[in-house]
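A.B. asks: The structure that follows is given in the form of structure tokens.
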Amino acid sequence: MNRLFFDTSIGALTKKIQAKKLSAAEVLQASIENIIELDPTYFAWVAHRGGGWKAPYPPAPMDGATLPSKFLEGIPVGVKDIYNTHDFPTEMGSPLWKGFKPGNDARTVFNLKRQGAIVVGKTVTAEFAVHTLNETLNPWDTKKTPGTSSSGSAVAISLGQVPLATGSQTAGSIVRPASFCGVYGCKPSFGTIPRTGTLKTTDSLDTLGFFVIHAEDLRRGFDSMRVEGLDYPISNAALSDESRQEKPKGRPWKIAFARTHTWRHAPKYAKDAMESFINRLAKEKSIEVSEAKLPASMERTHEIHETIYNKALSYYFRGEHKKSEFVSPIMNELIAKGNATTLEAYAKAIDDQMQCVYDMESFFG
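Mapping of the sequence shown onto UniProt numbering: position 248 corresponds to residue 248, and the numbering continues sequentially without gaps.
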């Protein structure tokens, strides 16, 4: 295994490429070597440059000193197979879309390329980014799940095949694979990473994000993908104003620990691990930990989510549902539940979702 990405952050790699201490071709080769060596065992990729796929390479010169400084200059990235890509098929984990070529890049993929990234390939997703388990295996223990829909990207990061890979989350498809595979996942605020050109499952829930090996690369990855400019005045002002991003001098970082309504279902070892982690944080002089009680409306989030989710799936995948023999049983079941959900119940769930948002805004003050 080539350990380049474990030993070197994205920021350090881009500096070395700009300084001609390392070539973009060498970085790409490290990625391809690890994919070829490890993918036959862990199955994180649908298609990749090392698998005979003739994807075009970025225009030369990749290693010229005259290139402008970019966040991801020469950095290989993996793209979850629900994002449109010009260079690779977009199959969305379904035989119905086998070999589909959208002919364009999703906005996020365009943003990554604009920052100098090289798309190495497409990572495995659950069918339509929903629940059906796929072939991807957890590198830490192949008998345990790597997470569901974004598992291919999380595993690719965990194996050091790429230093950055995209994901998406409608329920827990970034946070779970990141946790299960021992990598950093970023599930940002809703709408801060553009969804144009990605599979839509639920308008009010789908959020794009990503995975990295090093915590210091989270900001770099986010800034490479996020919305920016005058079309997004609120988020752009908040994210571009560095004075709003620094902790005021003289006070510690504040962290809230909330025992949610699902805490009672967690096994003892999980509770013990979380409490041990919180206790370690509390001993740090630069951190202030307090236990917080979430608004009562948050106890209904799973119920609200299920209503919205199933109804949206029944709308967006009604065409696929007509070919149910090519759709998994669990997907067909969710669509059937959505078809049985009235528009009144759906509208009520949307209202309840917004109430949760308002309650959490008040909670954060």
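Ideal Cβ positions, reconstructed from N, Cα and C, are used throughout, including at glycine.
Quick caveat, the model's predicted, so the values are computed rather than measured.
Apart from the five residues just before and just after TYR42, which ones in its own chain have a Cβ nearer than 7 Å to its Cβ?
C.D. replies: The count along the sequence shown starts at 1 and reaches residue 42 at position 42. Excluding residues within five positions, the ones whose Cβ falls inside 7 Å are THR136, LEU137, PRO139, VAL155 and LEU159.
A.B. asks: Under three-state DSSP, which class holds GLY185?
C.D. replies: Here residue 185 refers to the residue found at position 185 of the sequence shown. Residue state, collapsed to three classes: strand.
A.B. asks: Would you kindly report the start and end of the unbroken beta strand (DSSP E) that includes PHE210?
C.D. replies: As a first step, residue 210 is located in the sequence shown; it is residue number 210 there, counting from the start. From DSSP, the beta strand (DSSP E) with PHE210 extends over 207-212.
A.B. asks: Under a three-way DSSP split, which group does residue 372 fall into?
C.D. replies: Not covered by the structure: residue 372. The range shown for the chain is 1 to 365.
A.B. asks: Can you tell me which of the three DSSP states GLN169 falls into?
C.D. replies: Within the sequence shown, the letter at position 169 stands for residue 169. GLN169: strand per DSSP, three-state reduction.
A.B. asks: THR66: buried (16+ other C-beta within 10 angstroms of its C-beta) or exposed?
C.D. replies: Working through the sequence shown from its first residue, we reach residue 66 at position 66. Here the model assigns THR66 a pLDDT of 40, short of 50, so the residue's position is not dependable and the matter cannot be decided.
A.B. asks: I need the DSSP call for LEU218, collapsed to helix, strand or coil.
C.D. replies: As a first step, residue 218 is located in the sequence shown; it is residue number 218 there, counting from the start. Three-state result, LEU218: helix.
A.B. asks: For a test of the three-state rule: what should DSSP assign to SER290, helix, strand or coil?
C.D. replies: As a first step, residue 290 must be located in the sequence shown, where it is residue number 290. SER290 falls in the strand class under three-state DSSP.
A.B. asks: List the endpoints of the continuous alpha helix (DSSP H) containing PHE257.
C.D. replies: By one-based count along the sequence shown, residue 257 stands at place 257. PHE257 -> not in any alpha helix (DSSP H); beta strand (DSSP E) instead, spanning 253-257.
A.B. asks: Just tell me which of LYS113, GLU361 and PHE6 has its CA closest to the CA of VAL183.
C.D. replies: Your numbering for residue 183 matches position 183 in the sequence shown. Here the closest residue by C-alpha is PHE6.
A.B. asks: Find the nearest neighbour of LYS70 within the set GLN245, ALA44, LYS293 and ILE10, judged by alpha-carbon distance.
C.D. replies: As a working mapping, residue 70 is identified with position 70 in the sequence shown. With distances taken between Cα atoms, LYS70 lies closest to ILE10.
A.B. asks: Looking at the structure shown, is MET360 part of a helix, part of a strand, or coil, going by DSSP?
C.D. replies: Looking up residue 360 in the sequence shown gives position 360. Residue state, collapsed to three classes: helix.
A.B. asks: When the Cα atoms are used, what is the spatial distance from MET62 to LEU208?
C.D. replies: For this step, residue 62 is matched to residue 62 along the sequence shown. For this step, residue 208 is matched to residue 208 along the sequence shown. With a pLDDT of 44 at MET62, under the threshold of 50, the predicted position of this residue should be treated as unreliable, and no value is reported.
A.B. asks: For PRO76, which three-state DSSP category applies?
C.D. replies: Numbered from its first residue, the sequence shown carries residue 76 at position 76. Of the three classes helix, strand and coil, the one that applies to PRO76 here is strand, per DSSP.
A.B. asks: Measuring alpha carbon to alpha carbon, tell me which of ALA106, GLY147 and ALA258 ends up nearest ALA296.
C.D. replies: As a working note, residue 296 is residue 296 in the sequence shown. If we check each option's Cα against that of ALA296, ALA258 comes out closest.
A.B. asks: One question on the structure: do LEU96 and VAL327 come within less than 9 Å of each other, judged by their Cβ atoms?
C.D. replies: In the sequence shown, residue 96 corresponds to position 96, counting from 1. In the sequence shown, residue 327 corresponds to position 327, counting from 1. For LEU96 and VAL327, yes; Cβs fall inside 9 Å.
A.B. asks: Got a sec? Which residues, its chain only, sit under 7 Å from ASN34 by beta carbon, not counting five neighbours each side?
C.D. replies: Along the sequence shown, one-based indexing puts residue 34 at 34. Same-chain partners within the cutoff: MET1, ASN2, LEU159, GLY160 and GLN161.
A.B. asks: Can you tell me whether PHE5 is helix, strand or coil according to DSSP?
C.D. replies: The residue given as residue 5 occupies position 5 in the sequence shown. Helix, per DSSP.
A.B. asks: Could you have a look at SER45 and say whether DSSP puts it in helix, strand or coil?
C.D. replies: On the sequence shown, residue 45 is found 45 positions in, with the first residue counted as 1. Note that residue 45 is Trp in the sequence shown here, rather than Ser. Strand.
A.B. asks: Figure out for me which residue from PRO329, ALA336, LYS283 and GLU26 has the closest Cα to the Cα of TYR316.
C.D. replies: Residue 316 sits at position 316 when you count from the first residue of the sequence shown. Closest option to TYR316, Cα to Cα, is ALA336.
A.B. asks: Which residue wins for smallest C-alpha separation from SER290, given the options LYS15, TRP253 and ILE308?
C.D. replies: The residue given as residue 290 occupies position 290 in the sequence shown. Considering only alpha carbons, the answer is TRP253.
A.B. asks: Classify ALA266 as helix, strand or coil using the three-state DSSP reduction.
C.D. replies: Reading the sequence shown from its first residue, position 266 is the one you call residue 266. Three-state result, ALA266: coil.
A.B. asks: In terms of residues, what are the limits of the beta strand (DSSP E) holding GLY152?
C.D. replies: Numbered from 1 along the sequence shown, position 152 holds the residue referred to as residue 152. Element bounds for GLY152: not the beta strand (DSSP E) but the alpha helix (DSSP H), 151-158.
A.B. asks: Going by CA-CA distance only, name the one from GLY93, GLN18, SER179 and GLY51 that's closest to LEU199.
C.D. replies: Translated into the one-based positions of the sequence shown, residue 199 becomes position 199. Minimum Cα distance to LEU199 is reached at GLY93.
A.B. asks: How would you label ASP206, buried or exposed, when you count the other beta carbons within 10 angstroms and need 16 or more for buried?
C.D. replies: Here residue 206 corresponds to residue number 206 of the sequence shown, with the count starting at 1. Buried, because 16 or more other Cβ atoms sit within 10 Å of the Cβ of ASP206.
A.B. asks: Tell me whether GLY121 sits in a helix, a strand or coil according to DSSP, three-state version.
C.D. replies: Taking the first residue of the sequence shown as 1, we reach residue 121 at position 121. The answer is strand: DSSP assigns GLY121 an E or B state.
A.B. asks: PHE88: buried (16+ other C-beta within 10 angstroms of its C-beta) or exposed?
C.D. replies: Residue numbering aside, residue 88 sits at position 88 when the sequence shown is read from its first letter. When all chains shown are included, PHE88 counts as buried.
A.B. asks: Are LEU4 and SER224 close, meaning C-beta to C-beta below 9 Å?
C.D. replies: Reading the sequence shown from its first residue, position 4 is the one you call residue 4. Reading the sequence shown from its first residue, position 224 is the one you call residue 224. It is not a contact, given that the beta carbons lie outside the stated cut-off.
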